[in-house]
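J.: Using the working numbering, the letters of the sequence shown map in sequence onto residues 717 to 1255. Where is the CB? At the ideal position from N, CA and C, for every residue including glycine. One structure, as structure tokens, below. Some questions next.
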Amino acid sequence: MKKLIYISAFAILGFTTACTDMLDEEMKTQVTVDYLYTTPDGLSRVVTGLYNYTRTLATDNQSDLFPVQMLDYSTDLMIFRGGSAAAFARLDNIKSDISQAQAFWTYNYNIIGKANEVISAAEKLGLEDNPITKKAWAEAKLFRGRSYFELYKRYERLYLNTAPTDHTNLDREFAPAKKEYIFKLINDDLTDAMDVLDWTVPSSSAGVSYGRFTKAVAKHIKAQVAMWQENWDEAIKQCEDIFACPDYAMLDDRSAVFSGADLNNSEILWSFQFSKAIGGGGFIPDGETDLTGHRMSLICTPNYKKVAGLGNFRSEHGGYGWGRVYPNSYLLSLYDKEKDVRYESYFKHEWYYMDEDILPAGKQLGDVASTTTTLYLECLHPCTRKYFDMWTNADLPSRKSSFKDIAIYRLAETYLMASEAYFHKEGGASAKAIEYYNETWERAGNEYFNGPLTLDILLDEYARELNFEGVRWPLLKRLGLLEERVKLHAGDKKVDDPLLNKDYIEARNNFKYFHWYWPIPQSEIDQMGKENFPQNEGY
717 MKKLIYISAF
727 AILGFTTACT
737 DMLDEEMKTQ
747 VTVDYLYTTP
757 DGLSRVVTGL
767 YNYTRTLATD
777 NQSDLFPVQM
787 LDYSTDLMIF
797 RGGSAAAFAR
807 LDNIKSDISQ
817 AQAFWTYNYN
827 IIGKANEVIS
837 AAEKLGLEDN
847 PITKKAWAEA
857 KLFRGRSYFE
867 LYKRYERLYL
877 NTAPTDHTNL
887 DREFAPAKKE
897 YIFKLINDDL
907 TDAMDVLDWT
917 VPSSSAGVSY
927 GRFTKAVAKH
937 IKAQVAMWQE
947 NWDEAIKQCE
957 DIFACPDYAM
967 LDDRSAVFSG
977 ADLNNSEILW
987 SFQFSKAIGG
997 GGFIPDGETD
1007 LTGHRMSLIC
1017 TPNYKKVAGL
1027 GNFRSEHGGY
1037 GWGRVYPNSY
1047 LLSLYDKEKD
1057 VRYESYFKHE
1067 WYYMDEDILP
1077 AGKQLGDVAS
1087 TTTTLYLECL
1097 HPCTRKYFDM
1107 WTNADLPSRK
1117 SSFKDIAIYR
1127 LAETYLMASE
1137 AYFHKEGGAS
1147 AKAIEYYNET
1157 WERAGNEYFN
1167 GPLTLDILLD
1177 EYARELNFEG
1187 VRWPLLKRLG
1197 LLEERVKLHA
1207 GDKKVDDPLL
1217 NKDYIEARNN
1227 FKYFHWYWPI
1237 PQSEIDQMGK
1247 ENFPQNEGY
């Protein structure tokens, strides 16, 4: 049974107390700010709060952030109907005050700020005096390095802050940091983290703490960073260190990777953990009593309820669906439908009549449902199974949220990074590049690929294996192919999918040179001073 990560709200926000000091009495029943930052247990609690805050990327109050980052927005693999963060999906009307760019910037700098406090407090306590202190320090380092890396990929122009904010440093001069300084800080933080963290997920008498950082997570991100720096030897080293650890392995059954509500298996390096129990990542919206989890399943599942004959939402169909974001025809065309089992295991292609009382005329139970071209995209389009949830909503299929775990880093990406790194270093005939490529390719039911590899072959396998996992946009940007691939394949055309009622190719037509990066939030520019910290060009 997984151990749930939770902490009171004060542990991630202001850490303020509500008590009066009229009698100058110490409050014995409260966890005070002083305790949190002057004891090993207190620092551990703050770090636990960071995990809780990090999950908000996917929960309701931040639900537009996760789709943009993780669901292949602004790439060549996704067709968008409407709803969440439409400007980033269609690449239109992205301005310096767009809410998602503001929220993502704030989200990551909040993590960085809290990590700075933990790092500073841990170093004052002494890292060698208590293993709990040292572990909290290492986790905070990983939080900080990861957030700076995510910020760099989207904005490039950043300011670096490694000190806790207090009354002595409120008045600052902001200036964009040089790229080499940004990557030095990221790499130093990741190195510090992976030198301390264990390979295995922490456990205690309360259970296994799935969802916490391990050495493998630090090394996986370190490999990602090395790929951006074209440091192929470093990327290979970090990947192969993970391969050598017996705790991590590719599953023989690729369909099992995303099957079930708990994604705790040897292929998942790190995931956002969710549960319907208190502390399980959900929250209670204003005026409601039930916990609400994340809405990724709703965004990715068609609104099939609108189709005549399908009736109410059913857990077998994925529960409640909005029908907003889907794999496009280009992505689906990359699979050998006869051999590559991912075509079926990673996607749901059809819905079936299951209610005898509302069958349309001439239809039978088990027949494939159909609808008009006008409703097709919203209601019956093929969808990803990676967020498909028929488990946590089985008791209430009409629930407008999901508590299924969300995979963030997966061993399949580690293998493909290693393959690509050997490809760049040794060429398409590299035995190691081909060996690692086949970890995902051959497992999917395809015949062993003997090579030689090309960059296009690697890109296609990245797409087949890692679609809708937050890999595509950074990959295309890193390789300088973002504009080319978006203009070729983004969205979908009616000629490629005749069931569509029109072309959905706004992103192909709207891509501009400045879409390689995001706008720095205008509110931040205003505070930092545009003369010192200019906006990214084009916004």
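Confirm, please, whether the CB-CB distance from W1038 to G799 is below 9 angstroms.
T.: Going by C-beta atoms, G799 is nearer than 9 angstroms to W1038.
J.: Which whole-angstrom value describes the C-beta separation of N903 and T1089, a residue pair presumed to lie in contact below a C-beta threshold of 8 angstroms?
T.: Incorrect: roughly 51 angstroms between the Cβ atoms, too far for contact.
J.: Could you compute how far the alpha carbon of D737 sits from the alpha carbon of D750?
T.: The predicted position of D737 is uncertain, since its pLDDT is 33 and thus under 50; no value can be drawn from it.
J.: Give the range of the beta strand (DSSP E) segment to which P1043 is assigned.
T.: From DSSP, the beta strand (DSSP E) with P1043 extends over V1041 to P1043.
J.: What residue from E950, L913 and M943 has the CA that sits closest to M932's CA?
T.: According to the sequence shown, residue 932 is Ala rather than Met. Of the listed residues, the one whose Cα sits closest to A932 is L913.
J.: By alpha-carbon positions, which one of D1052, M1244, R1188 and G1009 ends up nearest to K992?
T.: For K992, the nearest C-alpha among the options comes from G1009.
J.: What alpha helix (DSSP H) runs, 4 residues minimum, are completely inside the region 801-834?
T.: If we require 4 residues or more, the alpha helix (DSSP H) runs fully inside the region 801-834 come out as 802-806.
J.: Under 6 angstroms Cβ to Cβ from A909, same chain only, skipping five residues before and after it: list those, please.
T.: Excluding residues within five positions, the ones whose Cβ falls inside 6 angstroms are A854, K857, L858 and A934.
J.: Indicate whether the contact test is met: 3 or more Cβ pairs, each with one atom in the region 1067-1077 and one in the region 825-836, closer than 8 angstroms.
T.: Not touching, per the Cβ criterion.
J.: For L1174, name the three-state secondary structure that DSSP assigns.
T.: Here L1174 sits in helix by DSSP.
J.: For the beta strand (DSSP E) that contains S987, what are its first and last residues?
T.: Note, S987: beta strand (DSSP E), I984 to F988.
J.: Helix or strand or just coil, what does DSSP make of T1089?
T.: DSSP places T1089 in helix when its eight states are reduced to three.
J.: Which residue comes first and which comes last in the alpha helix (DSSP H) that contains M786?
T.: M786 -> alpha helix (DSSP H) spans L781 to M786.
J.: Looking at the structure shown, is E955 part of a helix, part of a strand, or coil, going by DSSP?
T.: It is worth fixing the name first, because residue 955 is Cys in this sequence and not Glu. Three-state result, C955: helix.
J.: Drop a sphere of 10 angstroms on the beta-carbon of Q954, count the other beta-carbons inside from all chains shown, and report buried for 16 or more, exposed for fewer.
T.: Buried: at least 16 other Cβ atoms inside 10 Å.
J.: How many whole angstroms separate the CB atoms of E1155 and A1149, which I take to be in contact at a CB cut-off of 8 angstroms?
T.: With a Cβ gap of about 11 angstroms, E1155 and A1149 do not count as contacting.
J.: Return helix, strand or coil for K1064, following the three-state DSSP convention.
T.: Looking at K1064 - three-state DSSP - the assignment turns out to be strand.
J.: Measuring straight from C-alpha to C-alpha, what distance separates D1056 and F990?
T.: Taking the straight line from one Cα to the other gives about 31 angstroms.
J.: Can you give the Cα-Cα distance for L1019 and Y1036, rounded to whole angstroms?
T.: One point to set straight first is that residue 1019 is Asn, not Leu, in the sequence displayed. N1019 and Y1036: Cα-Cα distance of roughly 7 angstroms.
J.: So, at 7 angstroms on beta carbons, what are the nonlocal neighbours of D1052 in its own chain, with the 5 sequence-adjacent residues on each side left out?
T.: Closer than 7 angstroms at Cβ, skipping near neighbours: N1162.
J.: So who's on the other strand from S991, going by DSSP bridges?
T.: For S991, which the question treats as bridged, DSSP gives the partners G997.
J.: Per DSSP, what kind of secondary structure is S975 in: helix, strand or coil?
T.: It is coil, neither helix nor strand.
J.: Tell me the DSSP bridge mates of H1010?
T.: Looking at the DSSP assignment, H1010 forms a beta bridge with T775 and S1118.
J.: Based on Cα-Cα distance, which residue from L1047, E1094, E1222 and L874 lies nearest to V1023?
T.: Of the candidates L1047, E1094, E1222 and L874, the one whose C-alpha sits nearest the C-alpha of V1023 is E1094.
J.: With a cut-off of 8 angstroms, do at least 3 Cβ pairs link the region 1221-1231 to the region 797-817?
T.: Result yes; three or more Cβ-Cβ pairs closer than 8 angstroms.
J.: Counting only the same chain and skipping the five closest in sequence on each side, list residues whose C-beta sits under 8 angstroms from that of T881.
T.: Cβ within range, chain order: G829 and N832.
J.: Nearest-angstrom Cα distance between M1106 and P1113?
T.: The straight-line gap from Cα to Cα measures roughly 8 angstroms.
J.: Can you give the Cα-Cα distance for A802 and E839, rounded to whole angstroms?
T.: If I take the Cα positions, the gap works out to 44 angstroms.
J.: In angstroms, rounded to a whole number, what distance separates the CA positions of D792 and G765?
T.: Answer to the nearest angstrom: the Cα atoms are 36 angstroms apart.
J.: What residues match up with Y1220 in a beta bridge as DSSP calls it?
T.: DSSP output for Y1220 lists D1208 as bridge partner(s).
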